[in-house]
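Peer 1: Residue numbers (my numbering): 10 to 219. Sharing a structure with you now.
Structural data, given as C-alpha cells:
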C-alpha cells in the first residue's frame, strides 16, 4: 500500500505541475494583449515598456563584480556550454557546492541565453536544481516552469507546421521532450527536493507551491 507520506509527496508534485500549467495557459492567452499594450507604451513614451511582474533586469554576468572563484566557474560553464558536452566530468568536480553568488551568476547566464538554446538552458537548470537550499533556488525553478512553451528549435514562438505520420511519431515525441528539456529537468529537480529522504524545510516546500 502507498504510505501517507508518499501520497502527500505525490500530491505536492501534482499540485505544483497543475499550478504551473495553469500559469502557462493564462500567460499564453494574455500574451497578445500585453504585446499590444507594450507597443502603445513605446509610442507614447518613446521607450520600451517594461513587462509586468518581471524583476529588474540584472547586469550581464560578464559585467557583474563577481569574486574570482565565481568568474572561474562562469568561464568553465561557458566552455562546457560551448562544447555541448553534458558528460564533462568537471560538472561533478568543479561545479559542485555552488555559493549563493555563483548561483546568482548562473541564473543571469541562463537568462542571457536564447530561448532556443534548450540543451544549454537545461544544463544550467540541472546544476542549480541539484543544490536547492533557499527560496531563490526554488523560485528559479518555478520561473522556469512558468516559461512559455518552446515550439521550435529555430524560433520558440513559431509552431511547427509539419505533419507527422506514424513512422515519425517517435521522432516527434523525442523532439517535444527536447524542446521541454529545461522544464523536465526542473520537475525532476523538484521531485528529488520533495523526496522524504531530503526532508526539505516546510518553508521551502510552500515556496515551491506558490
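Glycine included, C-beta positions come from ideal geometry on N, C-alpha and C. Remember, predicted model here, so these are calculated numbers, not experimental data.
1. For residue 83, does the count of other Cβ atoms within 10 angstroms reach 16, so buried, or fall short, so exposed?
2. Between the alpha carbons of residue 3 and residue 154, how many angstroms are there, rounded?
3. Based on Cα-Cα distance, which residue from 193, 120, 159 and 75 lies nearest to residue 108?
4. Across the region 109–127 and the region 155–170, are there enough close Cβ pairs to call them in contact, namely three or more that are closer than 8 Å?
5. By the 10 Å Cβ neighbour count, where 16 or more other Cβ atoms means buried, how is residue 131 classified, buried or exposed?
6. Indicate the three-state DSSP secondary structure (helix, strand or coil) for residue 87 in the structure shown.
7. What residues in its chain sit with their C-beta under 6 Å from that of residue 90, if we drop five residues either side in the sequence?
8. For my contact list, residue 135 and residue 196 are in at a C-beta cut-off of 8 Å; report their separation, rounded to the angstrom.
9. Would you report the Cα separation of residue 97 and residue 88, rounded to the nearest angstrom?
10. Under a three-way DSSP split, which group does residue 152 fall into?
11. Are the CB atoms of residue 111 and residue 79 nearer to each other than 8 Å?
12. Would you mind reading off the limits of the alpha helix (DSSP H) that contains residue 101?
13. Taking the C-alpha atoms as reference points, what is the distance between residue 133 and residue 140?
14. Could you compute how far the alpha carbon of residue 146 sits from the alpha carbon of residue 138?
15. With respect to the alpha helix (DSSP H) encompassing residue 200, which residues constitute its N-terminal and C-terminal limits?
16. Beta-carbon within less than 8 Å of residue 99's beta-carbon, same chain only, minus the 5 sequence neighbours each way: which residues are those?
17. Under 8 Å between the Cβ atoms of residue 92 and residue 150?
18. What would DSSP say about residue 116, mapped onto helix, strand or coil?
Peer 2: So, to answer that:
1. Taking the first residue of the chain shown as 1, we reach residue 83 at position 74. Buried, by the Cβ-count rule.
2. The question about residue 3 has no answer, for the chain in this structure spans 10 to 219.
3. Position 99 of the chain shown, counted from the first residue, corresponds to residue 108. Among 193, 120, 159 and 75, the Cα nearest to that of residue 108 is on 75.
4. Verdict: yes, contact present.
5. Counting from one through the chain shown, the residue named residue 131 turns up at place 122. So residue 131 counts as buried.
6. As a position in the chain shown, residue 87 is number 78, starting the count at 1. When secondary structure is reduced to three states using DSSP, residue 87 falls in the helix class.
7. What you label residue 90 is simply residue 81 of the chain shown in a count that begins at 1. If we look at residue 90 and ignore the five residues flanking it on each side, its Cβ neighbours are 129.
8. Within the chain shown, the letter at position 126 stands for residue 135. Within the chain shown, the letter at position 187 stands for residue 196. Between residue 196 and residue 135 the Cβ distance is about 12 Å, and since that is not below 8 Å, they are no contact.
9. Working through the chain shown from its first residue, we reach residue 97 at position 88. Working through the chain shown from its first residue, we reach residue 88 at position 79. Rounded to the nearest angstrom, the two C-alpha atoms are 10 Å apart.
10. Mapped onto the chain shown, residue 152 falls at position 143. In the structure shown, residue 152 sits in a helix (DSSP, three-state: H, G or I).
11. One-based indexing of the chain shown puts residue 111 at position 102. One-based indexing of the chain shown puts residue 79 at position 70. In contact: residue 111 and residue 79 (Cβ atoms closer than 8 Å).
12. Position 92 of the chain shown, counted from the start, is the residue given in the question as residue 101. In the DSSP assignment, residue 101 falls within the alpha helix (DSSP H) that extends over 99–102.
13. What you label residue 133 is simply residue 124 of the chain shown in a count that begins at 1. What you label residue 140 is simply residue 131 of the chain shown in a count that begins at 1. Cα to Cα, residue 133 sits roughly 12 Å from residue 140.
14. Residue 146 sits at position 137 when you count from the first residue of the chain shown. Residue 138 sits at position 129 when you count from the first residue of the chain shown. Roughly 7 Å separates the two Cα atoms.
15. Indexing the chain shown from 1 puts residue 200 at position 191. 190–202 is the extent of the alpha helix (DSSP H) around residue 200.
16. Position 90 of the chain shown, counting from 1, holds the residue named residue 99. If we look at residue 99 and ignore the five residues flanking it on each side, its Cβ neighbours are 85 and 89.
17. To locate residue 92, count along the chain shown from 1; it is residue 83. To locate residue 150, count along the chain shown from 1; it is residue 141. No; because the gap between Cβ atoms is not below 8 Å, this pair is not in contact.
18. In the chain shown, the residue the question calls residue 116 occupies position 107. Residue 116 falls in the helix class under three-state DSSP.
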